[in-house]
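Visitor: Residue numbers (our numbering): 467 to 705.
Backbone N, C-alpha and C fix where the C-beta goes; we use that ideal spot for every residue, glycine too.
Since this is a predicted model, take the numbers as computed values, not measurements.
Quick one: structure below, then a few questions.
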Amino acid sequence: MYDLALIHAPAFPNFRSRDIDFGPISDVIPSYPIFDTFPLGLVSLQVYLEKRGFKVKIINLAARALLSRKFDMSKALEKIKARVYGVSLHWLVHLNGALWVAKKIKEIHEAPILLGGLSSTVFWKDLIKLPFIDYIIRGDTTEEPVRILLELLDNDVEELSRVPNLVWKKDKKIIENNFNYVPNELDSIDHSVFVRCATRDGWLDSLPFANFIRAPITAVFTVKGCAMNCAACGGSAYA
């Protein structure tokens, strides 16, 4: 049993059976047009929480589905046992897939569903109204708020109002906590923890994208965020 399962969905869960006209930016990433690369934030969450005693698993459903036509996403979700399921909705192109995964998990496990990512942050007012979404963590670099949430879900749900950046429900009422958490430093990522977790849980689930074994390409980031305000960018200083 995991404390938290972090799941990255394909842009479209039915991409094999549906005719899709991919957009003009679908071929600018080192993966497939269903956007099977998961955000680096999943790694930082896993590392931060594992170092503090939580057991966290990353599952790249999009990559697994691309690696095998026989891979059944619904059956895979049935096998994942966790106290909380975190679904990545970082890039808006994943809206269809992320909501499908969240709804499917709620049907199978009836467990708490947590959304996170830039798109979840922008559109939280619409997303939290969905009956299968329980929590949304807003903002970037939210490792500590997620840690507090996991601890309170174990001990005192009534104290959820003190989890920064959280949107949640109580008696069908939507509650918006203060959106004010900013980390003091960004040096806590230890990639060896990610490697150990991938070895423990299975490399296929943790692949950054489907073709990573054949072409292990990745971006190198020297900063987090940006000082510029390009209108088309979700990671600008304003965003």
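Looking only at its chain, what residues have a beta carbon closer than 8 angstroms to the beta carbon of E713, apart from the 5 residues adjacent to it on each side?
Guide: Since the first residue shown for the chain is 467 and the last is 705, residue 713 is missing from the structure and cannot be characterised.
Visitor: Going by DSSP, what residue range makes up the beta strand (DSSP E) through H474?
Guide: As a working mapping, residue 474 is identified with position 8 in the sequence shown. Bounds of the beta strand (DSSP E) holding H474 are 468 to 474.
Visitor: How about S534 and I473: do their beta carbons lie closer than 8 angstroms?
Guide: Taking the first residue of the sequence shown as position 1, residue 534 is located at position 68. Taking the first residue of the sequence shown as position 1, residue 473 is located at position 7. Between S534 and I473, the C-beta gap is not smaller than 8 angstroms, which leaves the two residues out of contact.
Visitor: Tell me the residue span of the alpha helix (DSSP H) that contains W669.
Guide: Stepping through the sequence shown from its first residue, residue 669 is reached at position 203. Here the alpha helix (DSSP H) through W669 covers 669 to 672.
Visitor: What first and last residue would you give for the beta strand (DSSP E) that runs through R530?
Guide: Your numbering for residue 530 matches position 64 in the sequence shown. Unbroken run through R530 is the alpha helix (DSSP H), 527 to 533; no beta strand (DSSP E).
Visitor: For Y551, which residues does DSSP report across the bridge?
Guide: By 1-based counting over the sequence shown, the position of residue 551 is 85. By DSSP's assignment, Y551 forms a beta bridge with A471, I579.
Visitor: Please state whether DSSP places E642 in a helix, a strand or coil.
Guide: The residue you call residue 642 lines up with position 176 of the sequence shown. Correct three-state label for E642: strand.
Visitor: When we look at the beta-carbon of R530 and count the other beta-carbons within 10 Å, is it buried (16 or more) or exposed?
Guide: Here residue 530 refers to the residue found at position 64 of the sequence shown. Its Cβ being crowded by 16 or more others within 10 Å, R530 is buried.
Visitor: Between the Cα of L527 and the Cα atoms of M694, C692, F675, T684, which residue gives the shortest distance?
Guide: Counted from its first residue, the sequence shown places residue 527 at position 61. With distances taken between Cα atoms, L527 lies closest to F675.
Visitor: Going by Cα to Cα distance, which pick from T503, D469, P479, A568 is closest to P682?
Guide: By one-based count along the sequence shown, residue 682 stands at place 216. For the residues T503, D469, P479, A568, the minimum Cα distance to P682 belongs to T503.
Visitor: Can you look up I574 in the DSSP assignment and give me helix, strand or coil?
Guide: Taking the sequence shown and counting its residues from 1, the one referred to as residue 574 is at position 108. The DSSP-derived three-state label of I574 is helix.
Visitor: What is the rounded straight-line gap between the Cα of V567 and the Cα of P476?
Guide: Within the sequence shown, numbered from 1, the residue matching residue 567 stands at position 101. Within the sequence shown, numbered from 1, the residue matching residue 476 stands at position 10. Approximately 9 angstroms, taken between the alpha carbons.
Visitor: By Cβ distance below 6 angstroms, which residues in the same chain neighbour L652 in space, the five residues on each side in sequence not counted?
Guide: Here residue 652 is taken as the residue at index 186 of the sequence shown, counted from 1. Once the five neighbours on either side are set aside, the close Cβ partners of L652 are K690.
Visitor: Any contact of the segment 576 to 593 with the segment 543 to 562, i.e. 3+ C-beta pairs under 8 angstroms?
Guide: Touching, yes.
Visitor: Quick check on F645: buried or exposed, where buried means 16 or more other Cβ atoms within 10 Å of its Cβ?
Guide: Counting from one through the sequence shown, the residue named residue 645 turns up at place 179. Classification of F645: exposed, given that the 10 Å Cβ count is below 16.
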